[in-house]
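Chain order of the listed sequences is A and B.
Per our numbering, the first sequence starts with residue 13, numbered consecutively.
Per our numbering, the second sequence starts with residue 85, numbered consecutively.
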Amino acid sequence: MGEIVIWALVKIAILFGFALNLSAVLTWMERRQSAMMQDRMGPVKANISGVTLWGLLHPLADALKLATKEDFVPPKAHKAIFVLAPLFAIAPVVMVFAVIPFAPPVCLKQLTAIAPRCVAPEHMQIARIDIGLLYVFAIASISVYGAALAGWASYNNYSLLGGLRASAQMLSYEITMGMALIGTFLVFGTLEPGELVLRQSTIAKWGIVQQPLGFILFFFAAIAETKRAPFDLPEGESEIVGYFVEYSGARFMTFFLGEFLEIVFVGCMVTTIFLGGWQAPGLAADGLHIFGLDLQLPHIAVVGLGLVTFTIKVFIVCFLQLAIRWSLPRMRYDQLMRLGWKGMLPASIINVIITAAVVLWMSSPVKG
Amino acid sequence: MPARTKVVTVKRGLWENLYLPEIVRGLGVTLKHFFINTLGPKSKRQIVTIDYPDVVRELPERYRGVHRLNTREDGSVRCTACMMCATICPANCIHIEAGERENPASRDIEKFPQVFEIDELVCVVCGLCVEACPCDAIRMDTHVHMPPVEHRKDAVLEKPELMSRGTKSIAVDGGAGPDWRDKYTDLGSLTQIYRPDHIERDRERPARR
Ligand code: SF4
Ligand code: SF4
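#1: Using a Cβ cut-off of 8 Å (strictly closer), state whether B:Ile107 contacts chain A.
#2: Just by C-beta distance, which residues in the segment 100-123 of chain A are closer than 9 Å to chain B?
#3: Could you work out which residues of chain B lie near A:Ile228, taking near to mean beta carbons separated by less than 7 Å?
#4: Determine, using beta carbons only, whether A:Leu333 comes closer than 8 Å to chain B.
#5: For A:Arg52, would you say it is in contact with chain B, using Cβ-to-Cβ distances shorter than 8 Å as the test?
#6: Quick one, which of B:Ala87, B:His117 and B:Glu106 has its alpha-carbon nearest B:Lys95's?
#7: Give me the pocket residues for ligand 2, defined as CB within less than 6 Å of any heavy atom, sorted by chain position.
#8: Strictly below 8 Å CB to CB, what residues from chain A border B:Gly259?
#9: Comparing the CB of A:Ser261 with every heavy atom of ligand 1, is any distance shorter than 7 Å?
#10: Does the distance between the C-beta of B:Ile134 and the nearest non-hydrogen atom of ligand 1 fall short of 7 Å?
#11: Quick one: is A:Tyr255 buried, meaning 16 or more other Cβ sit within 10 Å of its Cβ, or exposed?
#12: Taking the alpha carbon of A:Ala101 as the point to measure from, which residue in A:Lys239, A:Lys57, A:Leu317 and A:Leu309 has its own alpha carbon closest?
#13: Is B:Arg96 helix, strand or coil by DSSP?
#14: What are the residues in the segment 111-134 of chain B lying within 8 Å of chain A by C-beta distance?
#15: Would you call the segment 322-335 of chain A in contact with the segment 278-293 of chain A, where contact means no fewer than 3 C-beta pairs closer than 8 Å?
#16: Determine whether the Cβ of A:Leu76 lies closer than 8 Å to any Cβ atom of chain B.
#17: Could you tell me whether the segment 223-234 of chain A touches the segment 124-142 of chain A, where touching means 3 or more Cβ pairs closer than 8 Å?
#18: Could you tell me how far apart the beta carbons of B:Thr133 and A:Arg52 are, in whole angstroms, since I believe they sit closer than 8 Å?
#19: Let me know if A:Asn363 comes out buried or exposed under the rule of 16 or more other beta-carbons within 10 Å of its beta-carbon.
#20: At 8 Å on the CB atoms, spell out the chain B contacts of A:Trp66, in chain order.
#21: Tell whether a beta-carbon distance below 8 Å holds between A:Ile252 and A:Leu173.
#22: Name the chain B residues that come within less than 7 Å of A:Met281, Cβ to Cβ?
#23: Expressed to the nearest angstrom, what Euclidean distance is found between the alpha-carbon atoms of B:Met167 and B:Val140?
#24: Mapping the DSSP letters down to three states, classify A:Met265 as helix, strand or coil.
#25: Does the distance from the C-beta atom of A:Leu78 to that of A:Phe272 stay below 8 Å?
#26: Taking any heavy atom of ligand 1 as the mark, which residues have a C-beta closer than 7 Å to it, listed down the chain?
#27: Can you tell me the Cα-Cα spacing of B:Ile254 and B:Cys217, whole angstroms?
#28: Taking C-beta pairs closer than 9 Å, name the residues in chain B that A:Leu348 reaches, listed in chain order.
#29: Please return the same chain residues whose Cβ sits closer than 8 Å to the Cβ of B:Arg292, not counting the five positions on each side in sequence.
#30: Buried or exposed: B:Thr275, going by 16 or more other Cβ atoms within 10 Å of its Cβ?
#31: Report, in whole angstroms, the separation of the C-beta atoms of B:Arg152 and B:Arg236, which I expect to be a contact under 8 Å.
#32: B:Leu102 to B:Thr226, Cα distance in whole Å?
#33: Excluding sequence positions up to five away, which residues of its chain have a Cβ less than 7 Å from the Cβ of B:Met247?
#34: Just reading off the alpha helix (DSSP H) that A:Asp74 is part of, what are its end residues?
#35: Does A:Trp40 get closer than 8 Å to chain B when you measure Cβ to Cβ?
Given below as structure tokens:
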């Protein structure tokens, strides 16, 4: 019993250390990357006695600044809900990380053996539940409460508009997001993320190859779920500022952190479902086999390489999300709704139908 | 006559309505900049940011900086309180109170400004005062930015401050006479133009008041 708890804690520490640090780095990356894309310098001045680390100390400075700022509650705001809303926004994002498999299953007793087999390996995911992806959708749909309640409780017309926009947008795109994944479920025949990754053992079996349309639809629906440009209508920096316009200090930081955690989470989801998770080309259970190289590696090294692969993939997807955010103009609200309901939703349904037909044909006995 | 119009049609066929190819193209443009600016050779980088205040952009010669009042050969102010500058100033930010000289110098210069104040916060830096001055008394060729101030009243520069940057004018008191070409063969020695290297000198000056 004690061992289970310890392992759970270790896994939580790894995954959250990863997610929180990555999201902090992303706040810096977003500014530096956008600056580089626009031929600027970006933030590079924060330093500790002259050491700037290319500006990497800025997230630290931001956290200090936000934590020490005045915590303002508008006089007419609904106090209790106003205080709770940031927690509603961040809690679901933190919870959904539980099902992400971030490394190959570990055989605890045979860490130095080569390609060990064991009956009950320790799965490197906080919660291994059969309905993993359904759980993700269930929890993720709660996160709309954060935005909606924040907008409503602030007693500010602009916040309310932001909250309404957020609700409508998130509800619309959630459908596409789910539909886009159904094709993947049909192909892989499982809802459990860890199992999903195990079944993507070669590049030809990766989700992105088997379900390219599903990948595109899911990726863009997920960006819309994170409420970032080109779908940043709930924030609308240039018009309504957004559902958190009345928030300051630590509470604002919570929203902000939640947003960046969402980016990381989208990165994790896309990696797990479409990019083969911790699977890397050439990385097999007994070592590396790539470019004519045959390297026998102990189990622990393979696990480590899997973890590194996963990190790199997530990082690349996050990079891509930031690049999209800084490249595309944003949509008008009606365009957003039109794209969601008339473009992406039908496309995802067609994807389901075609995938189902192909899967059925492949598995039917009269084939060929 | 109707206004001339040019009709620009933006191509929007199926390809554009699919969004995706165009998104990829857009990403290509921005990412090209990103990778050139991060990984590209130093010579190809296009970053335009100047690392102000560590690096200061070189100002053009006719840059209009903080005002200064020039002096005569005897060190007194050149301004004759003629009010030309105060009259033309579109921002109405020059305040002059004229006084009478006790012992006028040559050519009977009777007036001088007892008070000469410019509110640099109100000034729109148009340079009209300099254009208007008949005496080469007021100039803006200092290359000095107005330093930040804590109180608005500190932005009103008074005569001593304005004169502290003053140099002897290139113009000759009382006029050089019709044979100036023969008298002043070396015009360079008369020219005392405020140069950017004076900025250093001004930085070291103790704070006002
Ligand atoms: S620069 Fe223009 S606004 Fe400023 S004092 Fe001279 S005339 Fe007035
Ligand atoms: S600065 Fe020139 S224009 Fe202004 S009052 Fe003095 S002499 Fe006249």
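Backbone N, C-alpha and C fix where the C-beta goes; we use that ideal spot for every residue, glycine too.
By the coordinates alone:
#1: Numbered from 1 along the second sequence, position 23 holds the residue referred to as residue 107 of chain B. Cβ-Cβ to chain A under 8 Å: yes for B:Ile107.
#2: none
#3: Mapped onto the first sequence, residue 228 of chain A falls at position 216. Residues of chain B passing the Cβ test: Leu104.
#4: Residue 333 of chain A sits at position 321 when you count from the first residue of the first sequence. It is worth fixing the name first, because residue 333 of chain A is Gln in this sequence and not Leu. It does not: the Cβ of A:Gln333 has no partner Cβ on chain B nearer than 8 Å.
#5: Here residue 52 of chain A is taken as the residue at index 40 of the first sequence, counted from 1. Yes, A:Arg52 counts as interfacial toward chain B.
#6: Counted from its first residue, the second sequence places residue 95 of chain B at position 11. If we check each option's Cα against that of B:Lys95, B:Glu106 comes out closest.
#7: B:Cys163, B:Thr164, B:Ala165, B:Cys166, B:Met167, B:Met168, B:Cys169, B:Ile180, B:Ala216, B:Cys217, B:Cys219, B:Ala221 and B:Ile222
#8: As a position in the second sequence, residue 259 of chain B is number 175, starting the count at 1. Correct list: empty, because the minimum Cβ distance to chain A is about 54 Å.
#9: Walking along the first sequence from the start, residue 261 of chain A turns up at place 249. The sequence shown places Gly at residue 261 of chain A, rather than the Ser named in the question. Checking every heavy atom of ligand 1 against the Cβ of A:Gly261, none is found closer than 7 Å.
#10: Residue mapping note: residue 134 of chain B aligns to position 50 of the second sequence, counting from 1. Checking the Cβ of B:Ile134 against ligand 1 gives no.
#11: Within the first sequence, numbered from 1, the residue matching residue 255 of chain A stands at position 243. Counting Cβ neighbours within 10 Å, A:Tyr255 comes out buried, since at least 16 surround it.
#12: One-based indexing of the first sequence puts residue 101 of chain A at position 89. Ranking the options by Cα distance to A:Ala101, first place goes to A:Lys239.
#13: On the second sequence, residue 96 of chain B is found 12 positions in, with the first residue counted as 1. Looking at B:Arg96 - three-state DSSP - the assignment turns out to be coil, as it is neither helix nor strand.
#14: Leu111, Val113, Thr114, Leu115, His117, Phe118, Asn121, Thr122, Gln130, Ile131, Val132 and Thr133
#15: yes
#16: Working through the first sequence from its first residue, we reach residue 76 of chain A at position 64. By this cut-off, A:Leu76 is not an interface position.
#17: no
#18: Along the second sequence, one-based indexing puts residue 133 of chain B at 49. Along the first sequence, one-based indexing puts residue 52 of chain A at 40. The Cβ separation is near 5 Å, so the contact holds.
#19: Within the first sequence, the letter at position 351 stands for residue 363 of chain A. So A:Asn363 counts as buried.
#20: Within the first sequence, residue 66 of chain A is the residue found at index 54, counting from 1. By Cβ distance, chain B contributes nothing, its closest Cβ being about 10 Å from A:Trp66, past 8 Å.
#21: For the purposes of this step, residue 252 of chain A is taken as the residue at position 240 of the first sequence. For the purposes of this step, residue 173 of chain A is taken as the residue at position 161 of the first sequence. Yes, these two residues count as a Cβ contact at 8 Å.
#22: Translated into the one-based positions of the first sequence, residue 281 of chain A becomes position 269. By Cβ distance, chain B contributes nothing, its closest Cβ being about 20 Å from A:Met281, past 7 Å.
#23: Taking the second sequence and counting its residues from 1, the one referred to as residue 167 of chain B is at position 83. Taking the second sequence and counting its residues from 1, the one referred to as residue 140 of chain B is at position 56. So the alpha carbons of these two residues sit roughly 35 Å apart.
#24: The residue given as residue 265 of chain A occupies position 253 in the first sequence. Note: A:Met265 maps to helix in three-state DSSP.
#25: On the first sequence, position 66 is the one that residue 78 of chain A refers to. On the first sequence, position 260 is the one that residue 272 of chain A refers to. Not a contact, by the Cβ cut-off of 8 Å.
#26: B:Arg148, B:His151, B:Cys169, B:Ile172, B:Cys173, B:Pro174, B:Ala175, B:Cys177, B:Ile178, B:Ile202, B:Cys207, B:Val208, B:Val209, B:Cys210, B:Gly211, B:Leu212, B:Cys213, B:Val214 and B:Met224
#27: Within the second sequence, numbered from 1, the residue matching residue 254 of chain B stands at position 170. Within the second sequence, numbered from 1, the residue matching residue 217 of chain B stands at position 133. Cα-Cα distance, rounded: 14 Å.
#28: If you number the first sequence from 1, residue 348 of chain A lands on position 336. None at all; the shortest Cβ gap to chain B is about 12 Å.
#29: Numbered from 1 along the second sequence, position 208 holds the residue referred to as residue 292 of chain B. The pLDDT assigned to B:Arg292 is 43, lower than 50, so where the model puts this residue is not dependable; a value taken from the coordinates is nonetheless given after this. Result list for B:Arg292: Asp238 and Glu245, in chain order.
#30: As a first step, residue 275 of chain B must be located in the second sequence, where it is residue number 191. Because B:Thr275 carries a pLDDT of 49, less than 50, the predicted location of this residue cannot be relied on, and the following value inherits that uncertainty. Flag for B:Thr275 reads exposed.
#31: Counting from 1 along the second sequence, the entry for residue 152 of chain B is found at position 68. Counting from 1 along the second sequence, the entry for residue 236 of chain B is found at position 152. No, B:Arg152 and B:Arg236 are not in contact; Cβ-Cβ is about 21 Å, not under 8 Å.
#32: Here residue 102 of chain B refers to the residue found at position 18 of the second sequence. Here residue 226 of chain B refers to the residue found at position 142 of the second sequence. Cα to Cα, the separation comes out at about 58 Å.
#33: As a first step, residue 247 of chain B is located in the second sequence; it is residue number 163 there, counting from the start. Same-chain partners within the cutoff: Leu153, Thr155 and Val161.
#34: Within the first sequence, the letter at position 62 stands for residue 74 of chain A. It spans His70 to Thr80 - the alpha helix (DSSP H) in which A:Asp74 sits, taken as one unbroken run.
#35: On the first sequence, residue 40 of chain A is found 28 positions in, with the first residue counted as 1. Output row for A:Trp40: interface = no.
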